[in-house]
Structure formats: structure tokens, C-alpha cells
Amino acid sequence: MSSTDAEGYIAQEPDYLGAGHTVRSWLLTTDHKRIGILYLVTLLFFFLIGGAAATFIRLELATPPGDLVTADTYNRLFTLHGVIMVWFFLVPAVPSTLGNFLLPLAIGARDMAFPKLNLLSWYINLVGGLLALAALLLGGVDTGWTFYTPYSSLYSNSYVTLAALGVFIAGFSTIATGLNFIVTVHTQRCEGLTWMRLPLFVWALYATSMVIVLATPALAVALAMVVMERVFALGLFDPAQGGDPILFQHIFWFYSHPAVYIMILPGFGVVTEVLTCFSRRKVFGYEAMVFAILGIALFGFFVWGHHMFVSGQSAYASLIFSLLSFLIAIPSAIKVFNWSATLYGGHITFEASMLYALGFIGLFTLGGLTGLFLASVPIDVHMHDTYFVTAHFHYIMVGGMVSAFFAGLHFWWPKITGRMYSELWARLAALLMFLGFNFTFFPQFILGYMGMPRRYHSYPDEFEMWNVLSSAGAVILAVAYLMPFVYLGLSVYRGRRAGDNPWQARGLEWQTASPPPRENFGPLPVVTREPYDYHRSDEEPSAREGDLDFPNRSDTETR
Amino acid sequence: MPEALHEPFHDIGKQRSAEEAGIWIFLASEVIFFGGLFLGYAVYRLRLPEGYGAAMAETNLTLGIVNTALLLASSATMAFTVWVGREGLQRATVTGLIATLALGTAFLAVKGVEYYEDIRHHLIPGHPDFPVDVPGAEMFFSFYWAMTGLHGLHMAIGLGIIAWTVHAVRSDRIAWRETAHLHVVGLYWNLVDVVWIFLFPLLYLVGR
Amino acid sequence: MNWSITPAQASTQAVAFDQLFWTMVGFSLCVVTLVGLLIFVFSLRFRARTGVPRKTVATLESRRVEIFWTAATAFFAIFFFWYTSTVSLDAVEAPPDAMEYHVEAKQWMWKTRHPSGVREINAMHVPTGRPVTVFLNSQDVIHSFYVPAFRIKKDVVPGRTSTVWFEATEPGTYPLFCTEYCGTNHAVMTGEVTVMEPAAYARWLETRAEGETLAAEGARLFTSAGCSGCHAEASDVHAPPLTGLFGRDIPLEDGRTVTADAAYIRDAILLPERDVAAGYAPIMPNFTGILEDGEVEALVAYIRTLALEGEGR
Amino acid sequence: MARRTTFRLAGRAVGAFVAMLLLAACSIAAALLLDGLAASVVPLGVAVITAGFVAIAFMEVRKMDAVSAIFAGVAVCFLAVLFGLTFTDELTRAHIPAGFEARTGD
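Residue numbers (the UniProt record's numbering), protein chains in the order written: chain A, 1 to 559; chain B, 1 to 208; chain C, 1 to 313; chain D, 1 to 106.
Take a look at the structure:
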């Protein structure tokens, strides 16, 4: 425990890592920073499992016949890949790790509003993950991550119930985290931190939480209905009893389309922080960025039907969903253009996290544009459920989101561990990831246009060439993903001390020690200036060295 | 007495409103959760009106009315608990909680009796002796079981929390006077009640 | 090794599709180039080491820039919605003279039936130059009927009939895929669609053993399933006569009136207690579980021909 | 003093309970006595009123702060979106029963 003296300064406090070394001190912690680390460990574990499944999938598809694994095994592999990656990696990736660690720091708070709930949500996530893993160890699930009825409810002989329960439970973990974030942002902002002074990372987490809280229950109820159909033989979607499998798709996508924004919105926030810091520039069009984030979060709820253009949904409904899907391109485009414009007139340096962020913009642009193809009804009719769709959402989820995750991880690594990693290796990994990613997934656009359906264990010979390329790219990508594990891992033991603010960034989280003390701040900061004040509004942006005499964003009066 | 103020708050009023905001956000997500079930019910009702009507005749209206009365009463006792809790009246609070607990348990007991009768009448979708031979009747009962089942699950969770709260208030294990604990439990319980207020006409009345 | 990047283009829809598709590819290339250039040029010019003078962007100026690209994006979004949806609106309804094919999907095969009654498995022969409507039914889970060369796809959802139509233009053999994941052998639930010139198609039909038409199969079932015991003209049992029934309005016992369309007749076979015709006792047995889906379909087709004969057509 | 407060609050709760019982009675009576559309609409309308009553009298929505109000409101709006767009599909869809051809082809 820390002791606070009369002036509010915390005397000689160990940082949060040194606040206790027992396993118990970690497993029963209510410190948001430690919970962030707990999440990081579990998420990386799931990322490795999901990645291993992806490797097997690409190996199998390197040749046209199904020769490496059986069809049943293949179906279980891609389901495993989807379920683990979506619900146990992508959805919680940035919010639960970086968000948990940084949100209170970025708003000048001592902790989340509900620290115990925060810890509880990690345990709930763990229980959900273990159930899903149990389903995998017992023999796997073969429904695909979408759990479409009636296959999942009446025909599949795999462990659907267990896996669905795992996802159901993990859903409550994300709801708890989202709820915690919202209340924290509302009640814990430090003095002077008005809404329009919030960093965009915080805005992004706030919007994400909103989507999490209001969309996840739809998934919960859809899965609960599938489980009830399987276990109690209630024919909720059973055509023999008059049930409609398309209704399941409506409820499922009411969650799962907003879920795409749950995954990508935090990435937007991370990239904004990184871009402004390394271009030493105020973010271009702060208000527009805020409204774009909120607009995407809101509109994300109105477009789910574009997943159902060929399902037998009515043509009128399809047109409405198509229009709404085209409209959501507007806020997304605003973000891309504003990021590009942020570079204008800056003092740009190319640290590893900046490379990841720039890569993110490129890949997200491509992913977003191909989204327009799928928003259009006649084009989607040909592209639906082909590799075009696979490529499209991997550009958003992997090219976009995972790049952003790595950008954030590298950006805040010195803050989290207090150590610097090898910049050279990090830049190399960033470049390799960008190349490997495009190598893997660009050929899949072509495969999709040629008509190769997804979830195929074997395929006709005419698709061979592009599949071979894609599999070759996957090898590069796998190496690129493993590299950070090595150099980041080594940095914890060997890295040089980072100092409080190695990037001379302006966020509040950089105004405390690295790693931060248990209480985050000595006296709580008081914000007197706009966010991203890398230069005064009437001043030219200045290079990094010149920043040092720049007045601090907050003064250090005692509250 | 336990400490009312928890990290990271410095102000009990702010902490209380944070707790209330938290439960309201959770209730908002519950609205969407039950909304999915209501959507399914509505879509099929529109498609299979005869089946729904014929099947509804098989539900036990008397027990439905009894349960509605029980749950409305429990909602009132819960609200009473919150009010007296705010005044700091320990005995009245415990009494209110126990009354809510008793009424809620009675609801589940009546529901159990109703389930027993339903099963005896083979009102189970897909059962070979399902008594109503109109398309859609089984779908109605699928939703009957799913909706009352999930509602019952929410009740059971609520009763568990209330039972713990009785103990905690009586032994002063929590700072129930200062924190929003009772209000939070009350809001959850009232939402469960609101869900039933819609379930009752949909499962027992409309189109009977 | 095959380096091609385009699928065969073998239907009228494929032509329209490719025009749309490549327009959007062109537009996307422009946007990617624009964003790429912005990032590349700014990164190069404003990298820390250069001595170029920095300047901040005035608020008014940046507002103008933002409004410009918001408006531009909005314009393109609406434009592409209009441009693509006019095509999809045109394609909703099949032409009325389309040939009727029936396709039954089950784990993991396609059973197709020609208008003439010829049946095939995992194969389908169609003539060029004539619109074809495919009626799709599933016996188990959701499948999806996908012919890349035609750029058409439709989910086959159990419990309802889906339709999709195309007009083939280029003779050749094209793959047919199932694109909705349907279980273990999803990847091998494939087939071939063979497009032939009308003359060649006619010759091909002749070489096939004369398949039973749907109505002929229905006529056979009418006897073998026992329907004729009550519904034949000469029967002693008091049951509604079926000649001329199809398409008429039938008064029901409870006072309502229904049209004897396909759905009604199907229900009358599978759920006879539901809508009993006025003046008849509810004695019709329930055929649920006795007749398969395809058989009910055949019976309804037969009853329809009875009506057409009754009108002297 | 405490006793008086208790009785006053108990009286308020009982009053509210009686009001809700009356509403429930109305909806039962409407469902059993009315015919056609009214037999469906009236009980559901009464349910909405009762739910509103619980929200105001017990859940004290009028004292709710802005965050809670926003989220409760947004949840109801999104529920409306879920229903609205799903029914847009449901009501404009061409329902062709399973296993059959729709039009005459000869």
C-alpha cells in the first residue's frame, strides 16, 4: 500500500509491477493496469491458438485436393479459427488490454469506476474461453463462427452447445467491460478534461463500449435460442415447425455487424494517437473525427442486412440496407482523409508504431473500399460467401485491427513495462507484416472474383495458383507475427529504461512514471489545454527536441 | 460498519450516481436481450396467427393471473424496500426484502406447478401427443418455454441477490444506507417485473 | 498453373455485373492512389529531417477542406447506390416466359429436374438465349446455389422455395458450387451447368430417356398413395372431386373462403384438418411423414393439370 | 418517527400495487370481452401503460441522470430499429411455401 502525505504526494511508491510479487497479488488485483496485463496474456494465448488454426488452413489450401486433414477436421479448424479470433481475440483485443491499461491514465483517474467488476470480467472471459477450449479439446465445433441454423441447431454433431455457451458467457464479460468504460469516462475525468478535450482514443473506447453494451445481448439471445433448440428441442428456427432460419440471421447480424465496429473503432483511436505523436501535429479536424466515430457507432446498427442479400431477404429490405451501408462509408472516409491531412506540415519520424499506423491507413482504405462492393446488391450476389468476402474482412480485421493493436502495443510498451524494445527489429517486423499481409490476402480478392467459395476444404484446379501465393504469404505473415513476441519479450529483461515519456507525447498517460505507480498519478492532473497540443494553435509544429521547453499540458497543482 | 466510499471515488454522491448509471446501462442491454425473443415471437405470430390462438387456449390463465399479481406485489415491496432503505430504517428494509423474496419464490413455485401441468398435458413442442394440431401451435409453445424459462432464470438470479442482500443488510456487511446497492437491486427486480408485464398478455391474453 | 483472374462470362447478368464491377474497381483504384499519394508525399516532404517551412492550417481553410471531402464522399456513396441498385431492381423479376427448372438440394448433392421432367444429379443442361427460372428447395440445411459464370447466387433455405433466374449466352460447361456452409462435404457439393445452343439442347434432350414429368409422377402417386380411393370420380366416399379444382375459390366449413392454389392443396394434403371444405366431413387422413416433399409437389402438379384439362386447354 | 415513515411509504407501495392490479384487470377484461383487433391492442396498450407506471413510480426514471437516460433511450430506439428493419424484410418478402413452384409455366 502506498502512503500519501499531507500534500497528496505519494512517497517512494513502487510501480504497479512491484506492488506485490505473489500469484495471489495478480489474481486478486483490482488494479486496472494489472488486469490489462492479465487480459494481454490470455489474449495472446488465444491469438496463438487461432493463428495456429489459420496456419493449418492455409497449409491445407496450398494444394487443390483435401490431402492434409479430413473434411471434418478442416471444418473444425476454420470454426475454431473464427470463434477464437472473433470473440477471444479481436473483440476484446484493444479495449480489454490497452483500453483497460490506458483509459484511466488517459483521463487522469486513479482506476476504473468499478475495479472489482473489472476483475470479474476477466474471470468471466476466462470461463467463457475455457468452455470454448473444452469444446475444442472434446472434438471441436463444425458450424463456422456464424452458427447458422438449422445446421447448428439440428444437424451438427459437434460440441455446438458448449462452444455457444462459451461465447455467451464471454459476451457478458465484454458487456461488463463496456459498462465499466462508459461509467468511468462519465465520472472519472480529471479536472478540466471536458468532452471536447478527450483524446480520440478515449472517444473511440467510449463509442465501442456503447456498441458492446447494446449489441452483445442480441448475440446472447441468438445463441441462447440455438442452445435451447439443441438441448430442449424447442423448434425456434426449425422449418418443420414453421420456424424461419433467416430470422436467426437477422438477430445474429444485429450483433455481428456492429461487432465489426467493436473490433475496428478502438483501432481508429490508437492510430490517431500514434499519427499525431509522430507527426508532431495536432489531429486534423478533431470535432469531425469525434462525430465520425459516433456516427459509425450509431450507423453500424442499421446495416446488418447486407450480410443477407442472397439469403432470401426481400428485395426492398436489401435496397434499404444497401443504401444505409453506402452511407456508413462517409464517416469512414472522413477518418481516412483526416489522418492523411494530419501528416501535412508535420515533423514526421518513422518509429515502428508509426509504420504500423501508416500501414493501417492503407489496408483499412482497401478494406473499406471493397466493403462498398459488398454493400451493392448485384455485386454482392456474385461475391457473397466467396474469398472476396474473406479477403475484405481480413483487410479490416487483420490488416486494420491487428496492425492498430501492434501500433498501440509498440507505442505504449515503454509506458507498460518501462523498457524500450529494439527499434530496428520492430520496424522490420512492421514492414514484414505489411508485405506478408498483402501477399496473403490480396490474391484472395482475385479468388473471390473468380468464384471460389469460402469454407472449402478442397477446390478445383483453376484456383490453385492464387491459393499457392496466399499460402506462401501466410508463412511470411506467421514469421512477422512471431517476431514481436521475441523482441518485446527480450525487452522486458534487457531493454534500456524508457523514461517517463520517450516519445514526448502529449497525452496524460505520459505525465506519470513509466511504469506508472499503483495510484497512477501523484496529485491528479488538471487539464488546461486542448488535446494533441504538439504545437500552439498559432505556432508552427516543431521537431521533437524543441518540445522540451513547451509548457506542460497540465499543471501539477495538488487537488 | 464497512467503508461506504470505494476507490476511485472521493464523493459518495458521485459514487452513487455511477452505480445507478451502471445498472441502467446493464438494463439497457437486457432490453435488447429480451427484445430478440419478442422479435421472434412477433414474426411468427404474424405468420401463424391460428396456431398461436389455438395454442394460447392451452395456457393456464388462472395461474397466469395469480403470478402477475404476485410479481406486481413483489415489485411494490421491492420499491418499498428502496424507499425505507434510503431513510436508513433497517428493520423495515429487511422486512421489505424478505417480503420480496417470499413473493418471488411464490411466483417461481406457481410457475413450477404450471410447468408440471404443461408437461402432463404434453404441451412440449415436438412431442408426439402434442394436443393442438394447428400449424404454429408448437411454435407458440417453443416461445412460451423459451421466454418464461429465461424470465425465470432472471428471477432466480434476482432472488439469489436479494437473499444475499437480506443477510448483508441485517449484519451490516455492506454500507446499504450510503451506497446505491438497494436501488440497484430494486431497478433490476423492477425490470424483470416489466418483462413479465409484457409476457403476461402475450402468452395468456392476446388473441385468446 | 492458371494465372487467369476472370471467371467465364456466360449469362446476360454476367455482362451487366462485370460492367459494374470494373467501374467500381476503377473508382477504388483512384481512391487508393489518392490516399496513397497523400500519405507518401506528405511523409516524404514533411519528414523530420527536411527543412521545408511548416505552417499550420487555418481553421476556416481546414473546415472548407473537410466539407469538400465529406460532400464528395457523400456524392459518390449515393451515386454508387443509385447506379448499382438500378441494376438489381431490373433483375428482381424473371421474365414471364422463363423455363422452369426445379432443384432440390440436400447434404451433399444437387438434384435437378428439367421442365420436360428429365432428371440429373449434380448437373444441369440449359439452352442459350432463353431465360431460366430455378426453383430451389432444401431437404435439410441451408445451401446456396452459385454459378460463378452466370454471376448468380441464391440461398436454398429449408421451409421455403427460393427462386433465381438467368439467361445463358455462351455454350460451355461451368462449375456449380454450394456457397452456404452445409456440413462435412460442403466442399464437394459441386456440379456442372452445361450451356448448349438450342438445337444441340433439343438433341441432347432426345437422347435422354424420356423422364417422367412432374404431373405424370403425380398421376402415378394419385393411385399408389391411395388418393384415388376417395377422390376418383367413381368413388363411394364423399370426398371433393378434384377436376377443375385448381385456382377456384373454395368455401370452407367455418365460413371462410380460400383459393385452391398450390399452397392450399399442399396444406390440404399435409394438414387436412385445418381448412375443411364446406359440405364434407373431416375424414381425410394426414399425409405428413408419408409423402416426401417432392411427392407432394408432384401431386399438386397433377391436380393442376386436372384443372387445365377441365378448362379444355 | 421511523414508524410513521414506514407506514407512509408502505401506504404508497400498496397504493401503487392496487393501481397496477386495476390495470391488469382492465387488460384481462379487454382480452376476454373485446373482439378482433381491439382484443390484441388494448391489453398490449395497458401493458405499455403499466410498464410506464413501474418506470415512473418504482424505477424513478424522472430522477435518472443524463447517462442513464441516454442509454435507456438508445436501447429502446435500437430495439425499434431491430423490429422495424426485420419487419421491413418480413412484410415485403415473397413467401413461397416449401417444395413448390409459384407460377404456371405452361
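We treat Cβ as the ideally placed atom computed from N, Cα and C, and that holds for glycine. All values derive from a computational prediction rather than experimental measurement.
Would G448 (chain A) pass as a contact of M397 (chain A) if the rule is Cβ separation under 8 Å? Working through the first sequence from its first residue, we reach residue 448 (chain A) at position 448. Working through the first sequence from its first residue, we reach residue 397 (chain A) at position 397. No. Outside cutoff.
Alpha helix (DSSP H) runs contained entirely in the region 23-102 of chain D, provided each spans 4 or more residues: 36-57, 66-92
Of all the CB atoms in chain D, is at least one closer than 8 Å to the CB of L214 (chain A)? The sequence position of residue 214 (chain A) within the first sequence is 214, counting from 1. Interface residue, yes.
Are the beta-carbon atoms of A375 (chain A) and H307 (chain A) separated by less than 8 Å? For the purposes of this step, residue 375 (chain A) is taken as residue 375 along the first sequence, with counting starting at 1. For the purposes of this step, residue 307 (chain A) is taken as residue 307 along the first sequence, with counting starting at 1. No, Cβ-Cβ distance for A375 (chain A) and H307 (chain A) is not below 8 Å.
Around the Cβ of S471 (chain A), are there at least 16 other Cβ atoms within 10 angstroms (buried) or fewer (exposed)? Within the first sequence, residue 471 (chain A) is the residue found at index 471, counting from 1. By the 10 Å Cβ count, S471 (chain A) comes out buried.
Report the residue from B:A18, B:F33, B:F80 whose alpha carbon sits nearest the alpha carbon of T5 (chain D). Residue numbering aside, residue 5 (chain D) sits at position 5 when the fourth sequence is read from its first letter. Answer by Cα proximity: B:F80.
Span of the beta strand (DSSP E), counted from its first residue to its last, around M99 (chain C): Your numbering for residue 99 (chain C) matches position 99 in the third sequence. 99-106 is the extent of the beta strand (DSSP E) around M99 (chain C).
Can you give the Cα-Cα distance for H238 (chain C) and R274 (chain C), rounded to whole angstroms? Sequence index remark: in the third sequence, residue 238 (chain C) carries index 238 (1-based). Sequence index remark: in the third sequence, residue 274 (chain C) carries index 274 (1-based). If I take the Cα positions, the gap works out to 18 Å.
Determine the DSSP secondary structure at A290 (chain C), reduced to helix, strand or coil. Along the third sequence, read from residue 1 onward, the residue named residue 290 (chain C) stands at position 290. According to the sequence displayed, residue 290 (chain C) carries Ile and not Ala. I290 (chain C): coil per DSSP, three-state reduction.
Taking 8 Å as the threshold (beta carbon to beta carbon), is F254 (chain A) in contact with chain D? Within the first sequence, numbered from 1, the residue matching residue 254 (chain A) stands at position 254. So, interface residue.
Should the region 115-135 of chain A be called in touch with the region 220-232 of chain A, which here means at least 3 C-beta pairs below 8 Å? no
Residues of chain C with CB under 9 Å from D133 (chain B), in chain order? As a position in the second sequence, residue 133 (chain B) is number 133, starting the count at 1. Correct list: L271, E273, R274, N286.
Whose C-alpha, out of C:D254, C:Y280, C:I283, C:T288, is nearest the C-alpha of R266 (chain C)? For the purposes of this step, residue 266 (chain C) is taken as residue 266 along the third sequence, with counting starting at 1. That would be C:T288, whose Cα lies nearest to the Cα of R266 (chain C).
Please name the residue or residues paired with M124 (chain C) in a DSSP beta bridge. Position 124 of the third sequence, counting from 1, holds the residue named residue 124 (chain C). C:V193.
Rounded to a whole number of angstroms, what is the C-alpha to C-alpha distance between W145 (chain B) and L61 (chain B)? Position 145 of the second sequence, counting from 1, holds the residue named residue 145 (chain B). Position 61 of the second sequence, counting from 1, holds the residue named residue 61 (chain B). Answer to the nearest angstrom: the Cα atoms are 16 Å apart.
Measuring only the C-alpha atoms, how far is F42 (chain C) from Y41 (chain B)? Stepping through the third sequence from its first residue, residue 42 (chain C) is reached at position 42. Stepping through the second sequence from its first residue, residue 41 (chain B) is reached at position 41. Each residue's Cα considered, the two are about 56 Å apart.
Residues, ordered as in the chain, of the region 152-184 of chain B that lie near chain D by beta-carbon distance below 8 Å: none
Residue-chain proximity (A391 (chain A), chain C), Cβ-Cβ < 8 Å: In the first sequence, residue 391 (chain A) corresponds to position 391, counting from 1. No, A391 (chain A) lies away from the interface with chain C (no Cβ there is under 8 Å from its Cβ).
With 8 Å as the C-beta to C-beta threshold (strictly closer), list the residues of the region 72-85 of chain D near chain B in chain order. A72, V74, A75, V76, F78, L79, L82, F83
Completely contained alpha helix (DSSP H) runs for the region 54-79 of chain A, where each covers 4 or more residues: none
On the CB-based measure, 16 or more other CB atoms within 10 Å of its CB, does G8 (chain A) come out buried or exposed? The sequence position of residue 8 (chain A) within the first sequence is 8, counting from 1. Reliability of the predicted coordinates at G8 (chain A) is poor, the pLDDT of 46 falling under 50, and no value is obtained from them.
Hey, does K111 (chain B) have any beta-carbon neighbour from chain A nearer than 8 Å? Locating residue 111 (chain B) in the second sequence gives position 111, counting from the first residue. So no, K111 (chain B) is outside the interface.
Flag this pair as yes or no: are the beta carbons of T92 (chain D) and Y316 (chain A) separated by less than 8 Å? Here residue 92 (chain D) is taken as the residue at index 92 of the fourth sequence, counted from 1. Here residue 316 (chain A) is taken as the residue at index 316 of the first sequence, counted from 1. The answer is yes: Cβ separation under 8 Å.
What does W69 (chain C) touch in chain A if you count any residue whose Cβ is under 8 Å from its own? Start at 1 with the first residue of the third sequence, and residue 69 (chain C) comes out as number 69. A333, I334, F337, listed in chain order.
Three-state secondary structure (DSSP) of A6 (chain A): Start at 1 with the first residue of the first sequence, and residue 6 (chain A) comes out as number 6. Confidence at A6 (chain A) is low in this model, with a pLDDT of 43, below 50, so the placement of that residue should be treated as unreliable; the coordinate-derived value is given next. Looking at A6 (chain A) - three-state DSSP - the assignment turns out to be coil, as it is neither helix nor strand.
Step through the CB atoms of chain B and report whether any lies within less than 8 Å of the CB of H186 (chain A). Your numbering for residue 186 (chain A) matches position 186 in the first sequence. It does: the Cβ of H186 (chain A) has a partner Cβ on chain B nearer than 8 Å.
Going by DSSP, name the residue or residues bridged to V156 (chain C). Within the third sequence, numbered from 1, the residue matching residue 156 (chain C) stands at position 156. DSSP, once it has assigned bridges, lists C:H143 as partnering V156 (chain C).
Quick one: using the 10 Å Cβ neighbour count with 16 as the cut-off for buried, is R8 (chain D) buried or exposed? Working through the fourth sequence from its first residue, we reach residue 8 (chain D) at position 8. When all chains shown are included, R8 (chain D) counts as exposed.
Hey, how far is the Cα of G103 (chain A) from the Cα of T97 (chain A)? By one-based count along the first sequence, residue 103 (chain A) stands at place 103. By one-based count along the first sequence, residue 97 (chain A) stands at place 97. According to the sequence shown, residue 103 (chain A) is Leu rather than Gly. In a straight line, the C-alpha of L103 (chain A) is about 10 Å away from that of T97 (chain A).
Could you name the residues that DSSP lists as bridge partners for D249 (chain C)? Here residue 249 (chain C) corresponds to residue number 249 of the third sequence, with the count starting at 1. DSSP output for D249 (chain C) lists C:T259 as bridge partner(s).
Got a sec: is the Cβ-Cβ distance from T213 (chain C) to anything in chain A below 8 Å? For this step, residue 213 (chain C) is matched to residue 213 along the third sequence. With 8 Å as the cut-off, T213 (chain C) does not count as an interface residue toward chain A.
Going by beta carbon distance, what residues of the same chain come within less than 7 Å of K335 (chain A), once the five residues before and after it are set aside? On the first sequence, position 335 is the one that residue 335 (chain A) refers to. So the qualifying residues of the chain are F268, M289, A292.
With DSSP collapsed to three states, give me the class of S158 (chain A). Indexing the first sequence from 1 puts residue 158 (chain A) at position 158. S158 (chain A) falls in the coil class under three-state DSSP.
Residue-chain proximity (E311 (chain C), chain D), Cβ-Cβ < 8 Å: By one-based count along the third sequence, residue 311 (chain C) stands at place 311. Annotation note: pLDDT 47 at E311 (chain C) (below 50); position unreliable, coordinate value reported separately. Cβ-Cβ to chain D under 8 Å: no for E311 (chain C).
From C:R113, C:S138, C:L136, C:P158, residue whose alpha carbon lies closest to that of V126 (chain C): As a first step, residue 126 (chain C) must be located in the third sequence, where it is residue number 126. Ranking C:R113, C:S138, C:L136, C:P158 by Cα distance to V126 (chain C) puts C:R113 first.
Below 8 Å, how does it come out for the region 158-174 of chain C and the region 131-139 of chain C: are there three or more Cβ pairs, yes or no? yes
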